[in-house]
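Engineer:
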C-alpha cells in the first residue's frame with residue numbers, strides 16, 4: 001500500500017495547471033532523471049505529488065532548458081534531482097552534481113546540478129536515481145520507520161541504494177551494486193555476459209538485456225512464467241541479495257525494477273533461494289519472516305520522484 005499521497009499519478013502528454021502552494025507548505029520540484037526519459041514532478045515534503053509529466057532524455061542543450069522552463073512556471077521553493085549515473089555525489093568534490101563516465105556521451109562531464117541551480121535559482125538536492133528511489137521508500141514506502149534499508153532495481157541495468165544510520169550511503173563515489181562478481185549458475189557458463197566491462201557481473205548476467213539475449217525474446221517479461229528463467233534469474237538475484245545482506249545488513253530489502261515487476265512469480269523464488277543459499281548462517285527475526293524482509297516497492301512506482309522531493313526538501317532545510 002502506498003503511504004504517500006498522489007493526486008495525479010499519470011504522466012500527462014501536456015502540462016497541467018497546479019494549485020498555488022500554501023504559504024506554510026513550500027512546493028518542491030523533483031526530477032527523476034533516466035537515460036530514456038526525465039520525469040518532472042512537483043509536490044510537498046509530506047509525500048503529496050501534485051503534478052508530474054515526462055520528456056525524452058535528449059542531449060543537455062535540448063533537455064535542460066525545457067526542464068528549467070517547466071519548473072520556472074510552478075513557483076517551486078527547491079528542487080531535488082535523482083540522476084542516472086555514474087554521477088558525482090560528494091559535495092566537497094569538483095565533480096559534485098556532474099554526470100561522469102556515462103555511455104550517453106553528450107552528458108559526460110555535464111554539470112547537471114549546476115545547470116538546474118543556475119536556471120532556477122533555488123536550493124537543489126542531488127543524488128543518484130537508485131538512491132532517490134531508496135530514499136522514497138524510506139520516507140514514504142516499504143522502509144518507513146526503519147534505520148536501515150536497501151533498494152535494489154533489476155531492469156535495463158541493476159543498481160542499489162543503501163540507507164544506513166539515517167542517511168544514504170556514499171563513499172569515494174556511490175555503490176555500483178550491479179557490478180559485483182557472481183559465480184555462474186550451472187548450465188550458464190557459456191552465456192556471454194552483456195556487460196562490456198566484466199565477464200560475470202550481476203548486471204551482465206541478470207538485467208533485462210541479459211534475459212533478452214539469453215532467451216532470444218523481445219522483452220524480459222516474455223519469460224515471466226518460464227520455469228527455467230525463474231530458476232536461473234531467481235538464483236542470480238538471490239546471490240546478489242545475499243552478498244548485500246552480508247555486507248550491509250539492512251533491516252529490509254526492497255526489490256524493484258522492470259524484471260521483477262513483470263514476473264510476479266520471481267519474488268517468491270528469490271526469497272526461497274536466499275534462504276537456501278544462506279543455509280542458516282545468519283539467523284535473525286527478519287530472515288525468519290522472509291516475506292516481510294524481501295518486499296516489493298510500496299510507492300506505486302513513484303519512489304524515485306518521492307525521493308527527489310525528499311532531496312529537495314532537505315536542500316531547502318539546509319539553505
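In full-length UniProt numbering, the protein residues as written are 1 to 319.
For every residue, glycine included, the Cβ atom is placed at its ideal position computed from N, Cα and C.
Helix, strand or coil for residue 179 per DSSP?
Structural biologist: The residue you call residue 179 lines up with position 179 of the chain shown. Correct three-state label for residue 179: helix.
Engineer: Is the beta carbon of residue 89 closer than 9 Å to that of residue 170?
Structural biologist: For the purposes of this step, residue 170 is identified with residue 170 of the chain shown, where counting begins at 1. For the purposes of this step, residue 89 is identified with residue 89 of the chain shown, where counting begins at 1. Contact: yes.
Engineer: Buried or exposed for residue 61, please, with buried defined as at least 16 other CB atoms from any protein chain shown within 10 angstroms of its CB.
Structural biologist: The residue you call residue 61 lines up with position 61 of the chain shown. Counting Cβ neighbours within 10 Å, residue 61 comes out exposed, since fewer than 16 surround it.
Engineer: Reducing DSSP to helix, strand and coil, say where residue 43 ends up.
Structural biologist: Your numbering for residue 43 matches position 43 in the chain shown. Residue 43 falls in the strand class under three-state DSSP.
Engineer: So, with DSSP's three-state summary, where would you put residue 291?
Structural biologist: For the purposes of this step, residue 291 is taken as residue 291 along the chain shown, with counting starting at 1. Residue state, collapsed to three classes: helix.
Engineer: Count the other C-beta atoms from every protein chain shown that fall within 10 angstroms of the C-beta of residue 135, then say buried if there are 16 or more, exposed otherwise.
Structural biologist: In the chain shown, residue 135 corresponds to position 135, counting from 1. Answer is buried; the Cβ neighbour count reaches 16.
Engineer: Hey, could you find the ends of the alpha helix (DSSP H) residue 227 is sitting in?
Structural biologist: Along the chain shown, read from residue 1 onward, the residue named residue 227 stands at position 227. Here the alpha helix (DSSP H) through residue 227 covers 227 to 248.
Engineer: Is the beta carbon of residue 150 less than 9 Å from the beta carbon of residue 163?
Structural biologist: Looking up residue 150 in the chain shown gives position 150. Looking up residue 163 in the chain shown gives position 163. Yes.
Engineer: So, are the CB atoms of residue 260 and residue 296 less than 9 Å apart?
Structural biologist: What you label residue 260 is simply residue 260 of the chain shown in a count that begins at 1. What you label residue 296 is simply residue 296 of the chain shown in a count that begins at 1. Yes, these two residues count as a Cβ contact at 9 Å.
Engineer: Under 9 Å between the Cβ atoms of residue 65 and residue 36?
Structural biologist: Indexing the chain shown from 1 puts residue 65 at position 65. Indexing the chain shown from 1 puts residue 36 at position 36. Taking 9 Å as the Cβ cut-off, residue 65 and residue 36 do not qualify as a contacting pair.
Engineer: Is it buried or exposed, residue 192, if we count other Cβ atoms within 10 angstroms and call 16 or more buried?
Structural biologist: In the chain shown, residue 192 corresponds to position 192, counting from 1. With fewer than 16 other Cβ atoms within 10 Å, it is exposed.
Engineer: Taking residue 110 as the reference, give the member of 119, 87, 157 with the closest Cα.
Structural biologist: As a first step, residue 110 must be located in the chain shown, where it is residue number 110. Of 119, 87, 157, the residue nearest in Cα terms is 87.
Engineer: Nearest by alpha-carbon distance to residue 78: which of 176, 275, 27 is it?
Structural biologist: As a working note, residue 78 is residue 78 in the chain shown. Nearest C-alpha to residue 78: 27.
Engineer: Counting only runs that start and end within the region 92 to 145, where is the beta strand (DSSP E) found for 3 or more residues in a row?
Structural biologist: Listed in chain order, the complete beta strand (DSSP E) runs (minimum 3 residues) inside the region 92 to 145 are 124 to 128.
Engineer: Taking the continuous alpha helix (DSSP H) assigned at residue 309, which residues delimit it?
Structural biologist: Locating residue 309 in the chain shown gives position 309, counting from the first residue. Residues 303 to 318.
Engineer: Compare the C-alpha of residue 257 against each of 181, 217, 298 and name the closest.
Structural biologist: The count along the chain shown starts at 1 and reaches residue 257 at position 257. Closest option to residue 257, Cα to Cα, is 298.
Engineer: Within 10 Å of its beta-carbon, does residue 82 have 16 or more other beta-carbons around it, so buried, or fewer, so exposed?
Structural biologist: Start at 1 with the first residue of the chain shown, and residue 82 comes out as number 82. Buried, because 16 or more other Cβ atoms sit within 10 Å of the Cβ of residue 82.
Engineer: To the nearest angstrom, how far is it from the Cα of residue 264 to the Cα of residue 290?
Structural biologist: Here residue 264 refers to the residue found at position 264 of the chain shown. Here residue 290 refers to the residue found at position 290 of the chain shown. Cα-Cα distance, rounded: 16 Å.
Engineer: Give every residue of the same chain whose Cβ lies closer than 8 Å to the Cβ of residue 199, excluding the five residues on either side of it in the sequence, and list them in chain order.
Structural biologist: Residue numbering aside, residue 199 sits at position 199 when the chain shown is read from its first letter. These residues qualify, in order along the chain: 193.
Engineer: Comparing the C-beta of residue 277 with each C-beta of chain B, is any distance below 9 Å?
Structural biologist: Note that chain B does not occur in the displayed structure, where there is just one protein chain.
Engineer: Roughly how many whole angstroms lie between the Cα atoms of residue 113 and residue 91?
Structural biologist: Position 113 of the chain shown, counting from 1, holds the residue named residue 113. Position 91 of the chain shown, counting from 1, holds the residue named residue 91. Roughly 11 Å between the two C-alpha positions.
Engineer: Report yes or no: do three or more beta-carbon pairs, one from the region 271 to 282 and one from the region 209 to 224, lie closer than 8 Å?
Structural biologist: Too few Cβ pairs lie closer than 8 Å, so no.
Engineer: Relative to the C-alpha of residue 181, which candidate in 201, 168, 174 has its C-alpha closest?
Structural biologist: Indexing the chain shown from 1 puts residue 181 at position 181. Nearest option by C-alpha distance: 201.
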